[in-house]
Amino acid sequence: MDVVDIARWQFGIVTVYHFLFVPLTIGLTALVALLETQWLRTGLPDYLRLTKFFGRLLLINFAIGVVTGIVQEFQFGMNWSDYSRFVGDVFGAPLAIEGLLAFFLESTFLGLWIFGWDRLPRRLHAACMWIVHLGTLASSWFILAANSWMQHPVGYRYDAESGRAELTDFAAVMFNKVQLVTFPHVIAAAYLTAGVFMVGVAGWLYVRRSTPEQTEDRPMYRRAIRVGAVVALVSGLAVAVTGDLQGKVMTEVQPMKMAAAEGLYETRDSCAPFSVFTLGTPDGREEKFSVTVPCLLSFLGTGSFDGKVEGIDDLRQAYRAEYGEDPGTTYYQAADYVPVIPVTYWSFRFMIGLGMSAAAGAALVLWLTRPGRSPSGRWFRVLLLGLPLGALAANSFGWIFTEMGRQPWVVFGLMTTDHAVSPGVSTAEAMTSLVALTSLYAVLAVVEVRLLVSAIRGGAPAYVEPPDPSRDRTDDDALAFAY
Numbered sequence: 001m002d003v004v005d006i007a008r009w010q011f012g013i014v015t016v017y018h019f020l021f022v023p024l025t026i027g028l029t030a031l032v033a034l035l036e037t038q039w040l041r042t043g044l045p046d047y048l049r050l051t052k053f054f055g056r057l058l059l060i061n062f063a064i065g066v067v068t069g070i071v072q073e074f075q076f077g078m079n080w081s082d083y084s085r086f087v088g089d090v091f092g093a094p095l096a097i098e099g100l101l102a103f104f105l106e107s108t109f110l111g112l113w114i115f116g117w118d119r120l121p122r123r124l125h126a127a128c129m130w131i132v133h134l135g136t137l138a139s140s141w142f143i144l145a146a147n148s149w150m151q152h153p154v155g156y157r158y159d160a161e162s163g164r165a166e167l168t169d170f171a172a173v174m175f176n177k178v179q180l181v182t183f184p185h186v187i188a189a190a191y192l193t194a195g196v197f198m199v200g201v202a203g204w205l206y207v208r209r210s211t212p213e214q215t216e217d218r219p220m221y222r223r224a225i226r227v228g229a230v231v232a233l234v235s236g237l238a239v240a241v242t243g244d245l246q247g248k249v250m251t252e253v254q255p256m257k258m259a260a261a262e263g264l265y266e267t268r269d270s271c272a273p274f275s276v277f278t279l280g281t282p283d284g285r286e287e288k289f290s291v292t293v294p295c296l297l298s299f300l301g302t303g304s305f306d307g308k309v310e311g312i313d314d315l316r317q318a319y320r321a322e323y324g325e326d327p328g329t330t331y332y333q334a335a336d337y338v339p340v341i342p343v344t345y346w347s348f349r350f351m352i353g354l355g356m357s358a359a360a361g362a363a364l365v366l367w368l369t370r371p372g373r374s375p376s377g378r379w380f381r382v383l384l385l386g387l388p389l390g391a392l393a394a395n396s397f398g399w400i401f402t403e404m405g406r407q408p409w410v411v412f413g414l415m416t417t418d419h420a421v422s423p424g425v426s427t428a429e430a431m432t433s434l435v436a437l438t439s440l441y442a443v444l445a446v447v448e449v450r451l452l453v454s455a456i457r458g459g460a461p462a463y464v465e466p467p468d469p470s471r472d473r474t475d476d477d478a479l480a481f482a483y
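The opening residue of the sequence shown carries number 1 in UniProt numbering; numbering runs sequentially from there.
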């Protein structure tokens, strides 16, 4: 492998690993805030216990996510300096705002939430977690705006003298048409992930609480199961709707990605079918067996069952005419502007299939836990384990498809991946970095799992009525800061 391949492997590993934590953190901040709000509204001790329990799991996930996320930005200077130089004026703005505004908003109010149980009025304390959640949404917005610019560059001009893309319209970058459909899709997927995570954790504790002294906690975990399942089901529907919108925008701005997602080589003027499952040659050109849905690809790409979907061959010729005979990358020279078909084809289906399965599983859980039912069989336990793992995998496959489907472009139509890599990095240096970071992340994975398993096994803490400073404050307390 050359430096480009190694750098791509490292960025892929780090990105996919980091994104295991991102959707769970976004969704859990909303669920923890919701649980605490329900405690304030109803006064039921169960909601406070669940708030503290899932809040602890959130903190573990948040901490590991921050550690793994720091490496993301360092990689731009380590392995992708030419890319950073080219897009720095555009890409740097949203990332800087995310770090200086959104992340500090998250971390500051998360600290207030952690240490403010006995010091802040209850409503203000609950508001802290809602602000943390708003901070995660703001972080997502700015990061996705930067990524959407890579998919569909807007609001810039190219300076031929410096060889850089320069920002001319910040609003255009922030409200890129790709961004407007990507953001709600990613956030809905985050809510889905957190919902099934709550279902899985609470369900496992529900099944395990079988001794007489433990059965009193089962109604609390049952309530958490149903809350998580409702959130997951509603979010799953939102994922489907926003994903449909995203597919149509993707077909408009990156038609090659949609063609690669189906392995469609010949343009279909109408009624392009969508293959649920296909066996054929590795490049997808020759089909041996497939299960297809007539006209579905046309609908996914254009909104009409009779819509036209361009094929890989025609698009390749169009790209050659617009950008030149070869995209300038050795890895993709044989394919010539075509992404790796098996990766795009299967990642697209795994993303859709696992996401739909998570939403369907949430609906099944709601049915199994309806009044009068107490599920505890082996299949129920398998379902509880599979739901969160499937949702996390669906998120990962979604990002793999998004980034691999854009190849060989690192910025669509402007810069190819091999031109973005750092020219001064040797193969040995790149490989050393890859091995070191992969090994470190493997250790962090063990730490994350052990911490989560230990916290989950302990279950929700016993109910302890927290003090309410807004009611219990004395005159001496009011003067505490004077000394």
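Using N, Cα and C, we set each Cβ at its ideal position, and we do this for glycine too.
Source: prediction; values computed, not measured.
query: Roughly how many angstroms lie between the CA atoms of residue 5 and residue 346, to the nearest whole one?; result: 21 Å
query: Considering just the uninterrupted stretch of the alpha helix (DSSP H) at residue 109, what are its terminal residues?; result: 103-115
query: In whole angstroms, give me the CA-to-CA distance for residue 303 and residue 248.; result: 7 Å
query: Assign residue 158 to one of three DSSP states: helix, strand, or coil.; result: strand
query: To the nearest whole angstrom, what separates the beta carbons of residue 105 and residue 58, a pair I think is in contact under 8 Å?; result: 16 Å between Cβ atoms; not a contact.
query: Can you tell me whether residue 415 is helix, strand or coil according to DSSP?; result: strand
query: If you follow the alpha helix (DSSP H) that residue 487 is in, where does it begin and where does it stop?; result: Residue coverage of the chain in this structure runs from 1 to 483, which leaves residue 487 outside it and unanswerable.
query: Would you call the segment 72-82 in contact with the segment 32-52, where contact means no fewer than 3 C-beta pairs closer than 8 Å?; result: no
query: Alpha carbon to alpha carbon, what distance is there between residue 294 and residue 270?; result: 10 Å
query: Once the 5 residues before and after residue 119 are set aside, which same chain residues still bring their CB inside 7 Å of it?; result: 469
query: Whose C-beta lies closer than 7 Å to the C-beta of residue 334 among residues of the same chain, with five residues either side of it excluded?; result: Because the pLDDT at residue 334 is just 40, under 50, the model does not fix this residue reliably, and the point stays unresolved.
query: Quick check: what's the CA-CA separation for residue 341 versus residue 260?; result: 6 Å
query: Would the beta-carbon of residue 50 fall within 7 Å of that of residue 229?; result: no
query: Can you give the Cα-Cα distance for residue 146 and residue 442, rounded to whole angstroms?; result: 28 Å
query: Are the segment 6-20 and the segment 92-106 touching by the rule of at least three beta carbon pairs closer than 8 Å?; result: no
query: Identify which residue in 130, 87, 400, 256 has its Cα closest to the Cα of residue 12.; result: 400
query: Looking only at DSSP bridge pairs, what is residue 165 linked to?; result: 158
query: Find the nearest neighbour of residue 206 within the set 465, 464, 467, 459, judged by alpha-carbon distance.; result: 459
query: Within the continuous alpha helix (DSSP H) that includes residue 274, where are the two ends?; result: That residue, residue 274, is in no alpha helix (DSSP H); its beta strand (DSSP E) goes 274-280.
query: Can you give the Cα-Cα distance for residue 236 and residue 426, rounded to whole angstroms?; result: 45 Å
query: For residue 287, write down the residues that DSSP places opposite it in a beta bridge.; result: 280
query: May I ask whether a heavy atom of the ligand NAD can be found less than 6 Å away from the beta carbon of residue 156?; result: The model on display carries no ligand, and the ligand NAD is accordingly not part of it.
query: Out of curiosity, what's the CA-to-CA distance linking residue 364 and residue 353?; result: 16 Å
query: The alpha helix (DSSP H) spanning residue 266 covers which residue range?; result: From DSSP, residue 266 is part of no alpha helix (DSSP H); its letter is neither H nor E.
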